[in-house]
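Reviewing the structure listed below.
Take a look at the structure:
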């Protein structure tokens with residue numbers, strides 16, 4: 022079996038193991054990743070009040086990720102342009118924030134010390150506004166107000182020009198991380214797709230209604246974002262060939278939010294050029310999609326992508342890892358399928374059975390490869406001891422073989 026079994030007595034570096042897995046080649050053991058946690062981006066010595074990892078409860082887990090997991094470090098690639106006669110260089114945008122060039126942002130703090138970012142965009146006679154909040158003890162960003170509240174907001178936004186990113190990719194962002202990792206892992210280039218950028222402008226209910234009832238308007242929005250993302254992806258893929266990429270956003274068109282036909286129209290149509298550009302330069306594409314997969318797996322496979330995560334178990338998802346392995350594992354590297362809630366809440370003996378089940382299903386039969394992976398990670402300031410024990414069990418069982 023490719024991507025899983027030992028064919029000779031030797032040890033691979035963690036980088037070699039991950040790249041062999043992506044190519045469908047034999048490896049010395051299964052790869053294991055803690056997803057966002059990689060031991061490079063979490064600094065327990067950083068006393069910034071918004072850095073939850075400075076809490077002593079995180080230190081052992083950070084070191085475990087650093088020293089004993091197959092590290093996959095995510096990076097979004099910014100662009101650089103020269104400004105004016107002086108030729109001074111400046112950042113002009115990143116793929117996940119193409120509206121930055123036509124918006125104004127103000128940062129404030131509320132009475133609890135939370136970080137509030139207010140974004141405004143002047144669109145005709147409308148002032149479009151969004152607000153987000155980040156709390157000191159929670160490593161996530163909450164959306165308090167979405168930019169687009171109704172169909173007329175969308176129409177106003179569509180009247181504006183979305184200037185495509187100019188300049189060249191700042192490859193140093195990736196190269197610096199690769200240098201720091203050495204042989205202990207790889208960098209995964211991270212990008213949203215057009216659907217992600219479009220859907221996140223609305224609350225979920227409004228997005229669902231607009232995408233279902235106003236497909237012409239919604240396609241106009243997707244096309245604007247696609248112009249930017251397709252050009253960005255082409256430039257980055259050419260400048261940084263042969264890397265693993267993660268495209269996130271397709272889950273916005275998965276059931277029950279949209280039909281399988283809508284997934285084809287809103288994901289496949291706009292993501293295929295990104296997939297093609299990445300693979301043209303020897304890169305690997307991993308699609309990120311939470312929730313239900315069964316009715317859209319054919320569409321995902323039709324794009325010729327290389328991997329899929331996190332393949333959530335029931336009831337969070339609607340398909341077993343063994344089903345995906347049997348039907349699609351010949352072409353796809355599977356990443357999963359440990360549910361984050363189980364990682365944080367199940368007694369370790371019970372969670373160990375979940376780990377072993379994922380290993381057995383993910384590595385069974387013929388297939389391209391499998392990486393043991395949770396669906397996300399804890400985001401509170403204090404890491405529970407149970408979660409730490411369950412992370413340790415992941416590493417232990419993978420190394421047990």
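Residue numbers (this note's numbering): 22 to 422. C-beta: ideal position from N, C-alpha, C; glycine also.
- Restricted to the region 106-191, the beta strand (DSSP E) segments that are unbroken, complete and at least 3 residues in length are 109-114, 125-130, 136-144, 147-155, 162-166, listed in chain order.
- Between the alpha carbons of residue 102 and residue 253 lies a gap of roughly 14 Å.
- Cβ atoms of residue 63 and residue 74 come within 8 Å of each other, at about 4 Å.
- Distance from the CA atom of residue 190 to the CA atom of residue 128, rounded to whole angstroms, is 27 Å.
- An exposed status is given to residue 133, since fewer than 16 other beta-carbon atoms sit within 10 Å of its beta-carbon.
- A straight line joining the alpha-carbon of residue 177 with that of residue 147 spans about 7 Å.
- Counting every other CB atom within 10 Å of its CB across the protein chains shown gives residue 286 a total of 16 or more, marking it as buried.
- Secondary-structure assignment with DSSP links residue 308 through a beta bridge to 268, 329.
- Residues of the same chain with a CB within less than 7 Å of the CB of residue 267, apart from the 5 flanking positions on each side, are 95, 209, 211, 307, 309 in chain order.
- Here residue 50 carries a coil assignment [DSSP, helix/strand/coil].
- Looking at the DSSP output, residue 209 sits in a beta bridge with 95, 265.
- Note that the C-beta distance between residue 382 and residue 346 is below 8 Å.
- Classified as buried, residue 56 has 16 or more neighbouring CB atoms from the shown chains inside 10 Å of its CB.
- The C-beta distance from residue 400 to residue 160 rounds to 4 Å, short enough to meet the 8 Å contact threshold.
- The straight-line gap separating the alpha-carbon atoms of residue 192 and residue 139 is approximately 30 Å.
- With contacts defined as CB atoms closer than 8 Å, residue 393 and residue 419 qualify as a contacting pair.
- Taking a cut-off of 8 Å for Cβ pairs, the region 273-285 and the region 239-251 do not touch, as fewer than three such pairs fall below it.
- Annotation for residue 152: 139, 165, 166 place their beta carbon closer than 6 Å to its own, counting only its chain and skipping 5 residues before and after.
- In summary, residue 196 is exposed, with fewer than 16 beta-carbon neighbours lying within 10 Å of its beta-carbon over all protein chains present.
- In the DSSP assignment, residue 358 falls within the beta strand (DSSP E) that extends over 354-359.
- Within the model, the alpha-carbon separation for residue 229 versus residue 336 is close to 22 Å.
- A residue is called buried when at least 16 other Cβ atoms come within 10 angstroms of its Cβ; residue 374 does not meet this threshold and is exposed.
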